[in-house]
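Structure, as structure tokens:
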Amino acid sequence: MTQVKFTKMQGAGNDFILMEYGEYKKIEDKFPEIAVKLCDRHFGIGADGIFVPVENPKTYSDLEWLFYQADGSTAQMCGNGMRCFARFCFDKKIVNKRKFTVHTGAGKIVPEVLEDLRVKVNMGKPILEPEKIPFKGSKNLNYPLWDGVKKFTVNAVSMGNPHCVIFVKDDEDNHALAKKYGDAIEHDNLFPEKTNVEFVKVISREEIDVAVWERGCGITLACGTGACASVVAAILNGLCDNKVKVNLPGGSLTIEWAGNSQNTDFDVLMTGEAQYVYTGIIEI
Numbered sequence: 045m046t047q048v049k050f051t052k053m054q055g056a057g058n059d060f061i062l063m064e065y066g067e068y069k070k071i072e073d074k075f076p077e078i079a080v081k082l083c084d085r086h087f088g089i090g091a092d093g094i095f096v097p098v099e100n101p102k103t104y105s106d107l108e109w110l111f112y113q114a115d116g117s118t119a120q121m122c123g124n125g126m127r128c129f130a131r132f133c134f135d136k137k138i139v140n141k142r143k144f145t146v147h148t149g150a151g152k153i154v155p156e157v158l159e160d161l162r163v164k165v166n167m168g169k170p171i172l173e174p175e176k177i178p179f180k181g182s183k184n185l186n187y188p189l190w191d192g193v194k195k196f197t198v199n200a201v202s203m204g205n206p207h208c209v210i211f212v213k214d215d216e217d218n219h220a221l222a223k224k225y226g227d228a229i230e231h232d233n234l235f236p237e238k239t240n241v242e243f244v245k246v247i248s249r250e251e252i253d254v255a256v257w258e259r260g261c262g263i264t265l266a267c268g269t270g271a272c273a274s275v276v277a278a279i280l281n282g283l284c285d286n287k288v289k290v291n292l293p294g295g296s297l298t299i300e301w302a303g304n305s306q307n308t309d310f311d312v313l314m315t316g317e318a319q320y321v322y323t324g325i326i327e328i
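Numbered per our numbering, the sequence shown spans residues 45 to 328.
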């Protein structure tokens, strides 16, 4: 049996396992299978994913991250996870500055640990070209999707990972819709790499409520990239202003984007908490 030290953290209800690279090396040959076991909420630690910081000069970034989802797959980006990753690396003195660069599957991301220990993350520019999302529709906004039971009008946005944003009516329950239709939409043929799904209710021009179905995870309490994609889609549809409070089941995030339908060449900024749950040792 191998003993591995880990830290569990959460951001807006998304929970993650973080371990230093030396601990990861002890069990590297057992990944990705071990990721499934560690993330299991009954027989493991329980988490939405696992992050490991790596120093890799070839990336021309301060750090690279390894990211395994709960189903053992890898993913390009996770906004709530990035906040936890940034605070973990800063507190552990893996980096010696509050603002640094991280190489991810979605490119270079820039988190900043604020004085109040919230974390602001420059999530980069949204990807809106259908072929780059990837999305098989002829346009990325207000495209019809039929899942065999219900017709939806969808908005496809990538924040380094694909998102399908659906705006619901005031009298519809976006959380019930996510549970009922999230899986079918995740696997719809319009999304060749599958997709995350957000059902969004607009409360005002400065506030939205988002129900999340995450690719590879199902219903989760939050999704940082999903919050960003939802705000981008809301702004492009003329539904929200450029700074929006996003309410998720696990907490709230502040998303800022200066773009509009005429000019989308702006980075998305996400600010929220990253909190410790506990540290421990597990035998594997």
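Yeah, the Cβ is synthetic: ideal placement off N, Cα and C, and Gly gets one too.
- Shown here, Leu189 sits in a strand according to DSSP, grouped into three states.
- With respect to Met314, Val165 sits close: the two C-beta atoms are nearer than 7 Å.
- Rounded to whole angstroms, Cys272 and Met203 show a C-alpha spacing of 7 Å.
- Take the alpha-carbon of Phe132 and the one of Leu110: they are about 14 Å apart.
- In the DSSP assignment, Thr118 is bridged to Tyr112.
- When only Cα atoms are considered, His231 and Asn307 end up about 31 Å apart.
- Restricting attention to Tyr322, Leu297, Ser305 and Tyr104, the CA atom closest to the CA of Val163 is found in Leu297.
- Excluding its 5 nearest sequence neighbours in each direction, Lys81 has C-beta neighbours in its own chain below 6 Å: Gly88, listed in chain order.
- The DSSP-derived three-state label of His86 is coil.
- The residues Val246, in chain order, have a CB closer than 6 Å to that of Leu283 in the same chain once the five nearest residues on each side in sequence are set aside.
- Rounded to the nearest whole angstrom, the CA to CA distance from Trp190 to Phe196 is 6 Å.
- Separation of Glu258 and Asp214 (C-alpha to C-alpha, rounded to the nearest whole angstrom) is 23 Å.
- If you draw a 10 Å sphere on the C-beta of Leu158, you find fewer than 16 other C-beta atoms in it, and that means exposed.
- Pro188 and Glu72 have their C-alpha atoms roughly 43 Å apart.
- Counting along the chain, His219 sits inside no beta strand (DSSP E); it lies in the alpha helix (DSSP H) bounded by residues Asn218 to Glu230.
- Secondary structure note for Val290: it is in no alpha helix (DSSP H), and the uninterrupted beta strand (DSSP E) holding it is Lys287 to Leu292.
- Here Asn199 is not near Gln120, since their CB atoms are 7 Å or more apart.
- Contact check for Gly168 against Asp309 fails: the beta carbons are separated by 7 Å or more.
- In the three-state reduction of the DSSP assignment, Lys180 falls in the coil class, being assigned neither a helical nor a strand state.
- DSSP places Ala200 inside the beta strand (DSSP E), whose first and last residues are Lys195 to Ser202.
- In the structure shown, Thr103 adopts helical secondary structure according to DSSP, grouped into three states.
- The three-state reading of DSSP puts Met126 in helix, counting H, G and I together.
- When DSSP reads this structure, Pro97 sits in a beta bridge with Trp109.
- Under the DSSP assignment, Ala273 falls in the alpha helix (DSSP H) whose first and last residues are Gly268 to Leu280.
- According to the DSSP assignment, Lys49 belongs to no alpha helix (DSSP H) but to the beta strand (DSSP E) extending over Gln47 to Gly55.
- By alpha-carbon distance to Lys74, the top candidate from Glu251, Thr269, Gly116 and Val275 is Gly116.
- By DSSP's assignment, Ile210 forms a beta bridge with Phe243.
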